[in-house]
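Student:
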Amino acid sequence: MSTWFFNHILALSILLWSRGTLIVALHAQRRSHMFLFIQEAPVVLLLHELSEYEGDWSILPTLPRLSASFSQSASWFFFLEEETRVTLVTLLQVLNRYNSQEEWFLGKRLHDNEASIIHHYAFSEDPSSFGYPDPAAGWAISMSLLQRLAERIQYERMKSDFTIDLKHEIAFYIWEGGNGPKLTAVPEFCTQQRDYCATTFTTYLPNCGDAVNKEDIFVAVKTCQKFHSERVPVVKATWDKDAAFLEYYSDVTDPSIPTIHLGVPNTERGHCGKTFAILRRFLSDSVPKADWLLIVDDDTLISLPRLRKLLRCYDPREAVSLGERYGYGLMQSGYSYTTGGGGMVLSRVAVSRLVSSGCSCYSDDAPDDMVLGMCLSSVGVPITHSPLFHQARPDDYSEDLLSMQQPISFHKHWNTDPVAVYTHWLQDTQPRDEL
Numbered sequence: 001m002s003t004w005f006f007n008h009i010l011a012l013s014i015l016l017w018s019r020g021t022l023i024v025a026l027h028a029q030r031r032s033h034m035f036l037f038i039q040e041a042p043v044v045l046l047l048h049e050l051s052e053y054e055g056d057w058s059i060l061p062t063l064p065r066l067s068a069s070f071s072q073s074a075s076w077f078f079f080l081e082e083e084t085r086v087t088l089v090t091l092l093q094v095l096n097r098y099n100s101q102e103e104w105f106l107g108k109r110l111h112d113n114e115a116s117i118i119h120h121y122a123f124s125e126d127p128s129s130f131g132y133p134d135p136a137a138g139w140a141i142s143m144s145l146l147q148r149l150a151e152r153i154q155y156e157r158m159k160s161d162f163t164i165d166l167k168h169e170i171a172f173y174i175w176e177g178g179n180g181p182k183l184t185a186v187p188e189f190c191t192q193q194r195d196y197c198a199t200t201f202t203t204y205l206p207n208c209g210d211a212v213n214k215e216d217i218f219v220a221v222k223t224c225q226k227f228h229s230e231r232v233p234v235v236k237a238t239w240d241k242d243a244a245f246l247e248y249y250s251d252v253t254d255p256s257i258p259t260i261h262l263g264v265p266n267t268e269r270g271h272c273g274k275t276f277a278i279l280r281r282f283l284s285d286s287v288p289k290a291d292w293l294l295i296v297d298d299d300t301l302i303s304l305p306r307l308r309k310l311l312r313c314y315d316p317r318e319a320v321s322l323g324e325r326y327g328y329g330l331m332q333s334g335y336s337y338t339t340g341g342g343g344m345v346l347s348r349v350a351v352s353r354l355v356s357s358g359c360s361c362y363s364d365d366a367p368d369d370m371v372l373g374m375c376l377s378s379v380g381v382p383i384t385h386s387p388l389f390h391q392a393r394p395d396d397y398s399e400d401l402l403s404m405q406q407p408i409s410f411h412k413h414w415n416t417d418p419v420a421v422y423t424h425w426l427q428d429t430q431p432r433d434e435l
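Here the sequence shown stands for residues 1 to 435, numbered as in full-length UniProt numbering.
(1) To the nearest angstrom, how far is the alpha carbon of Gly209 from that of Asn113?
(2) So what does DSSP say about Phe389, is it helix, strand or coil?
(3) Report the start-end ranges of each alpha helix (DSSP H) in the segment 364 to 430 that is 4 residues or longer and not cut off at the edges.
(4) Counting only the same chain and skipping the five closest in sequence on each side, list residues whose C-beta sits under 6 Å from that of Phe389.
(5) Could you please give the first and the last residue of the uninterrupted alpha helix (DSSP H) stretch that includes Ile153?
(6) Considering only C-alpha positions, which residue in the set Val221, Ile217, Thr223 is nearest to Phe245?
(7) Where does the unbroken alpha helix (DSSP H) through Ala220 begin, and where does it stop?
(8) Quick check: does the Cβ of Asn207 come within less than 8 Å of any heavy atom belonging to the ligand COA?
(9) By the three-class DSSP mapping on this structure, what secondary structure does residue 506 have?
(10) By how many angstroms is the C-alpha of Thr90 removed from the C-alpha of Ala211?
(11) Excluding the 5 residues preceding and the 5 following Phe123 in the sequence, name in chain order all residues of the same chain whose CB lies nearer than 6 Å to its CB.
(12) Could you compute how far the alpha carbon of Pro288 sits from the alpha carbon of Gly329?
(13) To the nearest angstrom, how far is the alpha carbon of Arg312 from that of Asp417?
(14) Looking at the unbroken alpha helix (DSSP H) that takes in Thr87, where does it start and where does it end?
(15) Let me check understanding here. Comparing Cα to Cα, which of Asp285, Val235, Gly273 lies closest to His413?
(16) Considering just the uninterrupted stretch of the beta strand (DSSP E) at His261, what are its terminal residues?
(17) In or out: Asp428 buried (at least 16 other Cβ within 10 Å) or exposed?
(18) Alpha carbon to alpha carbon, how far is His261 from Leu293?
(19) Please look up how many angstroms separate the CB atoms of Thr62 and Gly138, rounded, as I've assumed it's under 8 Å.
(20) If you check the beta carbons only, do Val221 and Leu301 fall under 9 Å apart?
(21) Run the CB neighbour count on Ser363, radius 10 Å, all protein chains shown included, and call it buried at 16 or more, exposed below.
(22) Who are the Cβ neighbours of Leu145 in its own chain at under 6 Å, not counting the five residues just before and after it?
(23) Quick one: what's Glu247 bridged to in DSSP?
(24) Give every residue of the same chain whose Cβ lies closer than 6 Å to the Cβ of Arg269, excluding the five residues on either side of it in the sequence, and list them in chain order.
(25) Comparing alpha-carbon positions, which option in Gly55, Cys197, Pro64 lies nearest Gln154?
(26) Determine the direct distance from the alpha carbon of Cys197 to that of Asn96, and round the result to whole angstroms.
(27) Tell me whether Val252 is buried or exposed, calling it buried when 16 or more other Cβ atoms sit within 10 Å of its Cβ.
(28) Suppose you measure from the CA of Met158 to the CA of Met331; what does that come to, to the nearest Å?
(29) Would you kindly check if the distance between the Cβ of Trp57 and the Cβ of Leu45 is under 9 Å?
(30) Measuring CA to CA, which of Gly107, His111, Tyr53 is closest to Asp395?
(31) Of the residues Lys274, Asn207, Arg306, Gln406, which one's Cα is nearest the Cα of Leu372?
(32) Of all the options Ser303, Arg353, Leu307, which has the alpha carbon lying nearest to the alpha carbon of Thr238?
(33) What does the Cβ neighbour count give for Lys226, buried or exposed, with the cut at 16 atoms within 10 Å?
(34) Give the DSSP-derived three-state secondary structure of Phe130 in the structure shown.
(35) Taking all protein chains shown into account, decide if Trp425 is buried (16 or more other Cβ within 10 angstroms of its Cβ) or exposed.
(36) Output the distance between the C-alpha atoms of Ala68 and Ala150, rounded to the nearest integer angstrom.
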């Protein structure tokens, strides 16, 4: 298993500033202490190593444990992603401007330009009024704030069982309807390099070598008769041609596309029966043998060249499930899953392990991505998150966030021109063989 693959099982890390032994964290008070401290390496805690619970990536479940372990030694908790670069002296100077005995929530501010479905249309009258942190730039909370949050989490039930966009949900939870602090924008928390920056960011699309071959990916497109003339032509006009092996699965056989009927009736929602039939077909002799299975909706827009480049970072001999990670019931020992609209990528090993386990749909119209998540959890396959997959349209995300990405996918044709979205966000100008 590659180092990059292992790290991306959970995308966020916690950085605790330490002096002395393993868990003695820095009290960022005086500048003289800062320069003494930076002679020693900081202690980095990785979320996936904090406990055996896979849901620690959602951060809130970890806060009581972090408070109990570090309340006597830490003044600040700083959260960052593995590609974030930190200038330690500058970061300590920034934190020194704020009193850690008060409640502070610091970060690079993002905001919505319009009400977004992934944020449950919160602040619909003025979406830009609410700020949330850019995880690529890192964000910090004072110990005083963390302790209160840790106490609150233990007695208050979460209002939603779903974890969809963690950075927004963390900010919303901290804000607490106006009873808690809003995010304070810190200019030194950056994604682009500036002389004054404490943090910068490199890329979400790492260079792990040459892209995998087209023939390494088998693409399954879920559709139905009512969308044959509306959505399928968009796929064919945009990204279909980049696939070596691709099949359209529908509720009827249509030789003009062509589509394949898997013997599963169409459902208005969920499509679990169809998805599990696709898994079984992928393992059969009916289709070419490939290392990776990509399952998408007929209104998914995706860059297969970028996906091929990303997949070089993962070992297909391992059980891999890759995409945009959501969570359900993570405060109560729930599970993670790859949301279906942005595309679900599974290694052949993962598909084989899941199918052979006997785990299956409780009904044909059960939510396929969530059932897959439950099944993968039951057989010990972690969900690997990549922020380059998107369940919604570009308009549903912060412009600043997308400006730092080479997105792999978007989802939905609603109120947008899907071909224009593909051309602007996903189509590369360089020859495809170079990707």
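Glycine included, C-beta positions come from ideal geometry on N, C-alpha and C.
Tutor: Per the coordinate set shown:
(1) In the sequence shown, residue 209 corresponds to position 209, counting from 1. In the sequence shown, residue 113 corresponds to position 113, counting from 1. Roughly 36 Å between the two C-alpha positions.
(2) Position 389 of the sequence shown, counting from 1, holds the residue named residue 389. The answer is coil: DSSP assigns Phe389 none of H, G, I, E or B.
(3) 368 to 378, 399 to 403, 418 to 421
(4) Working through the sequence shown from its first residue, we reach residue 389 at position 389. Gly323, Glu324, Gly342, Gly343, Ile408, Ser409.
(5) The residue labelled residue 153 in the question sits at position 153 within the sequence shown. It spans 143 to 155 - the alpha helix (DSSP H) in which Ile153 sits, taken as one unbroken run.
(6) As a working note, residue 245 is residue 245 in the sequence shown. Answer by Cα proximity: Ile217.
(7) Numbered from its first residue, the sequence shown carries residue 220 at position 220. No alpha helix (DSSP H) contains Ala220, which is instead part of the beta strand (DSSP E) from 217 to 222.
(8) The ligand COA is not part of this structure, which contains no ligands at all.
(9) Lying before the first or after the last residue shown, residue 506 is absent from the chain, which here runs from 1 to 435.
(10) As a first step, residue 211 is located in the sequence shown; it is residue number 211 there, counting from the start. As a first step, residue 90 is located in the sequence shown; it is residue number 90 there, counting from the start. Distance between the alpha carbons of Ala211 and Thr90 is about 37 Å.
(11) As a first step, residue 123 is located in the sequence shown; it is residue number 123 there, counting from the start. Excluding sequence neighbours, Phe123 sits near Ser129, Phe130.
(12) Position 288 of the sequence shown, counted from the start, is the residue given in the question as residue 288. Position 329 of the sequence shown, counted from the start, is the residue given in the question as residue 329. Going by the C-alpha atoms only, they are around 38 Å apart.
(13) Residue mapping note: residue 312 aligns to position 312 of the sequence shown, counting from 1. Residue mapping note: residue 417 aligns to position 417 of the sequence shown, counting from 1. Rounded to the nearest angstrom, the two C-alpha atoms are 31 Å apart.
(14) Residue numbering aside, residue 87 sits at position 87 when the sequence shown is read from its first letter. First-last for Thr87: undefined, no H or E at that position.
(15) In the sequence shown, residue 413 corresponds to position 413, counting from 1. With distances taken between Cα atoms, His413 lies closest to Val235.
(16) Taking the sequence shown and counting its residues from 1, one reaches residue 261 at position 261. Taken as a continuous stretch (DSSP letters only), the beta strand (DSSP E) holding His261 covers 259 to 261.
(17) Position 428 of the sequence shown, counted from the first residue, corresponds to residue 428. Counting Cβ neighbours within 10 Å, Asp428 comes out exposed, since fewer than 16 surround it.
(18) On the sequence shown, residue 261 is found 261 positions in, with the first residue counted as 1. On the sequence shown, residue 293 is found 293 positions in, with the first residue counted as 1. Cα to Cα, the separation comes out at about 18 Å.
(19) Locating residue 62 in the sequence shown gives position 62, where the first residue counts as 1. Locating residue 138 in the sequence shown gives position 138, where the first residue counts as 1. Rounded, the Cβ-Cβ distance is 17 Å, inconsistent with contact.
(20) In the sequence shown, residue 221 corresponds to position 221, counting from 1. In the sequence shown, residue 301 corresponds to position 301, counting from 1. It is not a contact, given that the beta carbons lie outside the stated cut-off.
(21) Within the sequence shown, the letter at position 363 stands for residue 363. Result: exposed.
(22) In the sequence shown, the residue the question calls residue 145 occupies position 145. Cβ neighbours of Leu145 beyond the five flanking positions: Glu103.
(23) Here residue 247 refers to the residue found at position 247 when the sequence shown is read from its first residue. DSSP output for Glu247 lists Ala220 as bridge partner(s).
(24) Translated into positions along the sequence shown, residue 269 becomes position 269. Closer than 6 Å at Cβ, skipping near neighbours: Asp365.
(25) Residue numbering aside, residue 154 sits at position 154 when the sequence shown is read from its first letter. Per the Cα distances, Pro64.
(26) On the sequence shown, residue 96 is found 96 positions in, with the first residue counted as 1. On the sequence shown, residue 197 is found 197 positions in, with the first residue counted as 1. Straight-line Cα distance between these residues: approximately 15 Å.
(27) For this step, residue 252 is matched to residue 252 along the sequence shown. Exposed.
(28) Looking up residue 158 in the sequence shown gives position 158. Looking up residue 331 in the sequence shown gives position 331. The alpha-carbon atoms of Met158 and Met331 are separated by roughly 8 Å.
(29) The count along the sequence shown starts at 1 and reaches residue 45 at position 45. The count along the sequence shown starts at 1 and reaches residue 57 at position 57. Not closer than 9 Å, so no.
(30) Here the question's residue 395 lines up with position 395 in the sequence shown. Nearest C-alpha to Asp395: His111.
(31) Here residue 372 corresponds to residue number 372 of the sequence shown, with the count starting at 1. Looking at the Cα atoms, Lys274 is the closest of the given residues.
(32) One-based indexing of the sequence shown puts residue 238 at position 238. Of Ser303, Arg353, Leu307, the residue nearest in Cα terms is Ser303.
(33) Taking the first residue of the sequence shown as 1, we reach residue 226 at position 226. With fewer than 16 Cβ atoms within 10 Å of its Cβ, Lys226 is classed as exposed.
(34) Your numbering for residue 130 matches position 130 in the sequence shown. Coil at Phe130, not helix or strand.
(35) Along the sequence shown, read from residue 1 onward, the residue named residue 425 stands at position 425. Buried, because 16 or more other Cβ atoms sit within 10 Å of the Cβ of Trp425.
(36) What you label residue 68 is simply residue 68 of the sequence shown in a count that begins at 1. What you label residue 150 is simply residue 150 of the sequence shown in a count that begins at 1. Distance between the alpha carbons of Ala68 and Ala150 is about 9 Å.
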